[in-house]
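This is how it looks when you write it as structure tokens:
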């Protein structure tokens with residue numbers, strides 16, 4: 079996945095504390111795994127479990143993970159917050175695939191809001 083205009087354009091500053099550019103390719107890798115699981119289900123896959131259960135289950139999980147992000151932030155433990163944000167992003171990826179959205183759709187929407 080390539081961010082339109084690169085990371086500096088999109089965020090208006092470098093993406094890491096040390097000024098280097100962050101690698102967001104893992105987001106696309108996760109997304110592609112979800113797409114692959116949807117096309118070719120794998121027995122025992124949690125991703126397939128969510129996709130098989132459908133939109134209501136996926137939305138419930140997104141809500142649960144969002145709540146866990148809030149709790150982790152309030153607990154002020156960054157390692158816990160990092161873990162929960164990663165879970166939320168995974169579940170958002172499942173929701174996106176289920177609903178036919180791509181990271182490009184999301185990035186383009188965010189870019190429109192910067193104008």
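Residue numbers (this note's numbering): 79 to 193. Heads up, the beta-carbon is just placed ideally off N, CA and C, and yes, glycines get one too.
| request: Find out if the Cβ-Cβ distance for the pair residue 104, residue 175 is shorter than 8 Å. | output: If you number the chain shown from 1, residue 104 lands on position 26. If you number the chain shown from 1, residue 175 lands on position 97. Result no, Cβ atoms of residue 104 and residue 175 do not sit closer than 8 Å.
Along the chain, where does the alpha helix (DSSP H) that runs through residue 129 open and close?
-> Reading the chain shown from its first residue, position 51 is the one you call residue 129. That run of the alpha helix (DSSP H) goes 124-131.
Q: Let me know the secondary structure DSSP gives residue 101 once reduced to three states.
A: Locating residue 101 in the chain shown gives position 23, where the first residue counts as 1. Coil.
- Task: Starting from residue 121, trace the alpha helix (DSSP H) both ways and give me its first and last residue.
- Result: Indexing the chain shown from 1 puts residue 121 at position 43. Where residue 121 is concerned, there is no enclosing alpha helix (DSSP H), given that its DSSP letter is neither H nor E.
Inter-residue spacing [alpha-carbon to alpha-carbon] between residue 162 and residue 138 = The residue given as residue 162 occupies position 84 in the chain shown. The residue given as residue 138 occupies position 60 in the chain shown. Their Cα atoms are separated by approximately 15 Å.
Alpha carbon of residue 135 to alpha carbon of residue 173, nearest angstrom = As a position in the chain shown, residue 135 is number 57, starting the count at 1. As a position in the chain shown, residue 173 is number 95, starting the count at 1. Cα to Cα, residue 135 sits roughly 10 Å from residue 173.
- Grouping DSSP H, G and I as helix and E and B as strand, with all else coil, what is residue 178? Looking up residue 178 in the chain shown gives position 100. If DSSP states are grouped into helix, strand and coil, residue 178 belongs with coil.
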